[in-house]
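Report on the structure given below.
Protein chains: 2
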Amino acid sequence: MARLPEYLRALHNLAETGNETVSSEGLANAAGVNSAKLRKDLSHLGSYGTRGVGYDVALLIEQIEYVLGLTQRRAVALVGVGNLGHALAGYDGFASRGFRIAALLDADPARVGEEIHGMVVRHVDELPQVAAEESIAIGVIATPASAAQRVADQLVAVGVTSILNFAPCVLSVPDGVDVRKVDLAIELQILSFHEHRKASLTGLPRTGGSALTALPGGLAVTEGQEAIGT
Amino acid sequence: MARLPEYLRALHNLAETGNETVSSEGLANAAGVNSAKLRKDLSHLGSYGTRGVGYDVALLIEQIEYVLGLTQRRAVALVGVGNLGHALAGYDGFASRGFRIAALLDADPARVGEEIHGMVVRHVDELPQVAAEESIAIGVIATPASAAQRVADQLVAVGVTSILNFAPCVLSVPDGVDVRKVDLAIELQILSFHEHRKASLTGLPRTGGSALTALPGGLAVTEGQEAIGT
DNA sequence: CGCGATTTGTGCACGTCTTCACAAGCGCCT
DNA sequence: AGGCGCTTGTGAAGACGTGCACAAATCGCG
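In the order they appear, the protein sequences are chains P and B.
If you number the first sequence the way the numbering used here does, the last residue is 440 and the count never jumps.
If you number the second sequence the way the numbering used here does, the last residue is 440 and the count never jumps.
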């Protein structure tokens, strides 16, 4: 499930604050989900909870990390050291959560050789060598959209089977390769949609308007969280 | 729907390449979704497709931008100009897709006054003034997790009703405030999970292992795309 | 003017995810 | 040892999203 990493983060927090065990209710709150959902998720990994007590935090962390394949530190190749790539290269969250940026690559010769956060940028055509040196499991694409597909092909060619794509475009990859996409502008646009929705049903009823603002049922906010109480 | 921005992006691409109209099939391919799904999505906005012809690209762009509330350029306040915030401040995608970064804020006095991409960083406590100068619709949190909740409270206090949170933590906000979360490490962990899954069912069958690697049905990759053919 | 090719819009069925509610199990206290 | 309260794990019901398949509608051409 895609929620396991969130549970893992919450568990690490709990472990740091000295909790030995946690109930499904407590963990669910910390992760921002329903407690029944959490129990069902955890039960799917044949988990070790104790009725009447809860879950052993340390044990559960170990279990989830195993399922996520985080027992080994995975090497990540980051392609594109523009604005975003630069930030990603220095992002602490990667190192602290089981990943190691093994290589920085870029297609721009002017950038090759540049040192960023203690790593030297290499040319993207050196990917085969890089892959030979280290077993690259995951590729991160932080290039402009125009270059993304080509980079993806190159990554696939050297055996990468998981790609995290920050470029605003659809990648086509062969079977067996997983792609996850993160588009920052899209996130904002979704928020903008909600803003627009809220604004139009609060103030002006927009009598003459089309059906666009008052979309028929089922458009309530399902993602994200709304109000958990303070 | 959360897919509308993706359609919009695809439509802009099509418009630039000189297409006047597009069929649901064509647009679906460009956006990486099923054509029936796309038609259903578009029909929910009471849309203007012509049977036998397809959709008018320009009209559809206009419609979707209206629904998303992009007819007005929305002002965004960005809090936290560390690694990530720095990159976000310079990210072209925001400006080019209907957003304007109206203010850069940070809690660290050492950073206040610094100029980033032509903008001066102000102290986060100046939020009320900033909000008074411009109508801030959306707040972006790019701070460490420890500061995120406090920043969220401050944003809510000045009337922000949509928050994009990059900090790895759950925010609690009052009713009516929308929060979307982007956690880069979680994205990688999800990919790691798929890597682990692929590795364990390809190579070693892991006879003695727990049920963890061979999770019972329904864990196929549902998000992202897998293989669209090249 | 009529016919066929093409494409939208949608009813229907299916599978998945979510949530409730409750039985089973565990520990603690008497 | 027995009972009581608490928490997990799960069955069932419902909501939701997805995809197929087809009727309705439009255009172009003869």
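For each residue, glycine too, the CB sits at the ideal point set by N, CA and C.
As the structure is a computational prediction, the values presented were derived from the model and not from experiment.
For residue 260(B), the beta-bridge partners assigned by DSSP are 264(B). It is roughly 18 angstroms from the alpha-carbon of residue 278(B) to the alpha-carbon of residue 223(B). Contact annotation: residue 398(P) and residue 304(B) have beta-carbon atoms nearer than 8 angstroms. The beta-carbon of residue 348(B) is placed less than 8 angstroms from the nearest beta-carbon of chain P. Any Cβ of chain B closer than 8 angstroms to the Cβ of residue 395(P) would place that residue at the interface, and such an atom is present. When only Cα atoms are considered, residue 383(B) and residue 240(P) end up about 14 angstroms apart. Of all C-beta pairs linking the stretch 274-294 of chain B to the stretch 308-324 of chain B, three or more are shorter than 8 angstroms, placing the two stretches in contact.
Taken in chain order, the whole beta strand (DSSP E) runs of length 3 or more contained in the stretch 338-419 of chain B are 346-351, 372-375 and 388-391. For the stretch 264-294 of chain B, the beta-carbon criterion of a distance under 8 angstroms to any beta-carbon of chain P is satisfied by 273, 276, 277, 278, 279, 280, 284, 286, 293 and 294. Residue range 309-316 is occupied by the beta strand (DSSP E) that includes residue 316(P).
Chain order gives no chain B residues near residue 333(P), where near means a beta carbon separation below 8 angstroms; the closest approach is about 22 angstroms. A distance below 7 angstroms between beta-carbons, with the five flanking residues on each side excluded, links residue 369(P) to the following residues of its chain, in chain order: 341.
Look at residue 275(B) here: in three-state DSSP terms it is helix.
Around the CB of residue 244(P), fewer than 16 other CB atoms lie within 10 Å, so the residue is classed as exposed.
Interface annotation for the stretch 213-233 of chain P against chain B: 214, 215, 216, 218, 219, 220 and 223, criterion Cβ-Cβ distance under 9 angstroms. With contact defined as three or more Cβ pairs closer than 8 angstroms, the stretch 372-389 of chain B and the stretch 370-390 of chain P are not in contact. Residue pairing for residue 285(P): DSSP places it in a beta bridge opposite 310(P) and 346(P).
Assignment of residue 333(B) by DSSP, reduced to helix, strand and coil, places it in the strand class.
Assigned with DSSP and collapsed to three states, residue 324(B) falls in coil, not helix or strand. For residue 245(B), the uninterrupted alpha helix (DSSP H) segment begins and ends at 245-253.
At least one CB of chain B lies nearer than 8 angstroms to the CB of residue 240(P).
Setting aside the 5 residues that flank it on each side, residue 271(B) is surrounded in the same chain by 218, 221, 222 and 225, each with a C-beta closer than 8 angstroms to its C-beta; the list follows chain order. Taking residue 227(P) as reference, the option from 308(P), 268(P), 349(P) and 373(P) with the minimal CA-CA separation is 268(P).
Within chain B, the C-beta atoms nearer than 7 angstroms to that of residue 301(P) come from 293, 294 and 394, in chain order.
For residue 311(P), no CB of chain B lies under 8 angstroms from its own CB, so it is not counted at the interface with that chain. Looking from the CA of residue 235(P), the closest CA among 254(P), 301(P), 263(P) and 215(P) belongs to 263(P).
Only 371, 372 and 374 from the stretch 364-375 of chain B bring a Cβ to less than 7 angstroms from some Cβ of chain P. Residue 330(B) does not reach chain P, its nearest Cβ partner there being about 19 angstroms away, counting only Cβ pairs nearer than 7 angstroms.
Taking a beta-carbon distance threshold of 8 angstroms, residue 316(P) does not count as an interface residue toward chain B. Interface annotation, residue 398(B): in contact with chain P, CB-CB separation under 8 angstroms. Taking 8 angstroms as the cut-off, the beta carbon of residue 396(B) is found no closer than this to the beta carbon of residue 401(P). In terms of Cβ geometry, residue 258(B) and residue 266(B) form a close pair [threshold 8 angstroms].
The straight-line gap separating the alpha-carbon atoms of residue 281(B) and residue 312(B) is approximately 17 angstroms. Sorting 248(P), 308(P), 294(P) and 359(P) by C-alpha distance to the C-alpha of residue 389(P) places 359(P) at the top.
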